[in-house]
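Residue numbers (my numbering), protein chains in the order written: chain A, 18 to 315; chain B, 5 to 467.
Think of the CB as a built atom: it goes at the ideal place given N, C-alpha and C, for glycine as much as any other residue.
Only one structure is covered here, and it is reproduced in the block below.
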């Protein structure tokens, strides 16, 4: 027993002695971006996976333990993680990652948010006051976020600041070329009408010119009802959508139902890194997203 | 005098010369000034133009939207609201009401345990307490929260505390009135319970409020390990049951607890804890039943030790609780009262001659109990749950009073089933059925229909 206690104490004492910048990313896309900028100079913990609805996570013990050790928290912001992140940050006892500190980074602060509600009323469903928070699906947003993130990582880890800057520049160049390629490949998608399960793809649609003609959820965050699906199906006569989109974490039932009735493909998109086997990193995420959309079109 | 004419001539000459020079110079100076004036006017005009251009530019592009990086730091896009109301605290209001169908038992107590006043004999329609919560960061160092509960025409301060934000090193200090961190359910408010009422053990431990609330200080420390390890210590007034307000210097109660927790794979997470609470009571009173069936008043002076062990397991496919999830929770307690009980009551067994006499004796008890519950959410809207409660009146040594008071040896039990429906994260309706055998000789089949709605700030998803 004594030996067990001693070894436990020793391991406690030895733990913080890691050199890498400890990053706590709320979502896989931010973990992937930190990886592009930080390479092997950072140690990353990702709080959620692509198969989880990031809005519905609870402040579980593992998150508290990881936040306690983090030097930098990279979050989406715009109230996406409002149910659990504020609680995790406060209860972590970690002064450096509190909002307003350099150790707290909110990606949504560096992009122009779309769909900012004019009226805040929960009768409109689970609306976010700051605007739609699913910003990662417009790849152009990653320039501003990545640039700011590289600066922030440099502030927290000055010896590697130049390396972070250089890695960001390399990433940005590759990213610019990739965006040009995706935009070329996705040209046939411009103006294509689509149905979406939830307002998850607003930034993707905005980027590629997809036309969202309806949402399976009657209100954001409210599960698709049979009434809503029937109404969408009826509207399909006049405004025919070409496919119905959902994320990897949303249930497939509603989109398969409407796809079967309307004779259009139901397309599951990775939504974030890890959503499909092909979406292994940020480049894979958009490669696979564009590929799946084009496949749905044909 | 020889010098004088020369001097005059020189003076004249000089003055003539000066006159001639000043004419030419003046013209030159004038032209120079004119030139300078002209060039300054031009410069001023140029500067004015530049200024107005800059002003126009900055008006067209507010700095919030300017994409230019300043001092190498990219500008945040989100514009800060300038209105004073942006600093208003988070406000939320919880509305709860219910319909109860059960037996009419005027003085409900749990047989075999210290008889606390029980407010649960409310049948038919009723509105539960309405909770009003305010919370905000006070400054970079402090956060404050107050929860007021309104029931009938009285307002009670359920919680009112401040806590540190910037201590670091895993430390957190809370001061004020707060729900103690002991056990699992103790910190949770009624509107977050998975059943319409608290487990029996919480009623036995802390009375009708089913939660130990402390006026004092809480210290918490989270270990810097990948495994969640948290320690807590509390000191305070200790006025709430099982203690009593002793109005003394120093601390009236203390609590210690430790929690560990982790994930198992991606789908499961758990937390386990042990807690200890020490309280002391001065003249804690309750109505007992004497050997003749009459009411006798018992007054306790002494200390109470409470140990709680708690365990929670949560499971969701892929760790995504939205569509399906399962939650198991269980808690176990042992409580010891050590002290003296004096028994009084006109014409009771302790005072048969109604002479104002009292019988004093020791009061040593060791009692225990537990509950276990499982709640399964099988669609985003529907959940169903089962709970089983059991208590053990254990050993009760009443010393001299054993001859005068009834000391029932009993194992109270209750089985509860519930199903609830949530329209959204903010609204829920619940139907609950319970078979309650917490009173000896009474089997009470209780039906509860309730609603719980919250409006305002988004609630926290606690584990």
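As DSSP reads the structure, residue 310 of chain B sits in a beta bridge with B:281, B:339.
A distance below 8 Å between beta-carbons, with the five flanking residues on each side excluded, links residue 443 of chain B to the following residues of its chain, in chain order: 109, 112, 113, 114, 115, 416.
Rounded to the nearest whole angstrom, the C-alpha separation of residue 101 of chain B and residue 249 of chain A is 36 Å.
Excluding the 5 residues flanking it on each side, residue 291 of chain B has same chain C-beta neighbours closer than 8 Å at 111, 119, 299, 300, 301, 302, in chain order. For secondary structure counted as the alpha helix (DSSP H) over 4 or more consecutive residues, the stretch 177 to 258 of chain B holds these complete runs in sequence order: 204 to 210. Against chain B, the beta carbon of residue 66 of chain A has neighbours under 9 Å at 270, 322, 323, 324, listed in chain order. Within the stretch 140 to 152 of chain A, those residues whose Cβ lies closer than 8 Å to any Cβ of chain B are, in chain order, 142, 143, 147. Neighbours of residue 327 of chain B in chain A, taken as residues at a C-beta separation under 8 Å, are given in chain order as 268.
Taking a cut-off of 8 Å for Cβ pairs, the stretch 105 to 114 of chain A and the stretch 51 to 63 of chain A do not touch, as fewer than three such pairs fall below it.
When beta bridges are read from the DSSP output, residue 444 of chain B appears opposite no residue. Its chain contains 358, 360 as the residues whose beta carbon lies nearer than 8 Å to that of residue 350 of chain B, once the 5 sequence neighbours on both sides are disregarded; these appear in chain order. In this structure, residue 239 of chain A keeps its C-beta atom at 8 Å or more from the C-beta atom of residue 229 of chain A. Taking C-beta atoms under 8 Å as the contact rule, residue 100 of chain A and residue 195 of chain B fail to qualify, at a distance of about 15 Å.
Bounds of the alpha helix (DSSP H) holding residue 158 of chain A are 158 to 173.
For residue 210 of chain A, the enclosing beta strand (DSSP E) covers residues 210 to 213.
Between residue 88 of chain A and chain B, the shortest Cβ-Cβ separation is not below 8 Å. Taking all protein chains shown into account, residue 445 of chain B has fewer than 16 neighbouring C-beta atoms within 10 Å of its C-beta and is therefore exposed.
Per DSSP, the unbroken alpha helix (DSSP H) holding residue 179 of chain A starts and ends at 178 to 202. Between residue 47 of chain A and residue 124 of chain A, the C-beta gap is smaller than 8 Å, which places the two residues in contact.
Taking C-beta atoms under 8 Å as the contact rule, residue 454 of chain B and residue 200 of chain B qualify, at a distance of about 5 Å. Distances from the CA of residue 41 of chain A to each of A:170, A:303, A:154 were compared; the closest alpha carbon is that of A:170.
Under the three-state reduction of DSSP output, residue 94 of chain B falls in the strand class. By the C-beta density criterion, residue 93 of chain A is buried, having at least 16 other C-beta atoms within 10 angstroms. Annotated three-state conformation of residue 115 of chain B is coil, per DSSP. For residue 129 of chain B, the enclosing beta strand (DSSP E) stretches over residues 128 to 131. Legend: CB atoms of the stretch 281 to 303 of chain A lying less than 7 Å from CB atoms of chain B are not found in any residue. Going by C-alpha positions, residue 279 of chain B is about 12 Å away from residue 315 of chain B. When beta bridges are read from the DSSP output, residue 61 of chain A appears opposite A:40. For residue 138 of chain B, the uninterrupted beta strand (DSSP E) segment begins and ends at 134 to 141.
In chain order, 187, 188, 189, 203, 205, 312, 313, 314, 315, 374, 375 place their CB closer than 8 Å to the CB of residue 335 of chain B, counting only its own chain and leaving out the 5 sequence neighbours on each side. In this structure, DSSP gives residue 274 of chain A a helical state, which the three-state scheme calls helix. Around residue 407 of chain B, no beta-carbon contact reaches into chain A at under 8 Å, the shortest distance being about 47 Å. Counting along the chain, residue 399 of chain B sits inside the beta strand (DSSP E) bounded by residues 386 to 401.
The three-state reading of DSSP puts residue 46 of chain A in helix, counting H, G and I together. Contact between residue 259 of chain B and residue 234 of chain B does not hold, since the beta-carbon distance rounds to 14 Å and is not under 8 Å.
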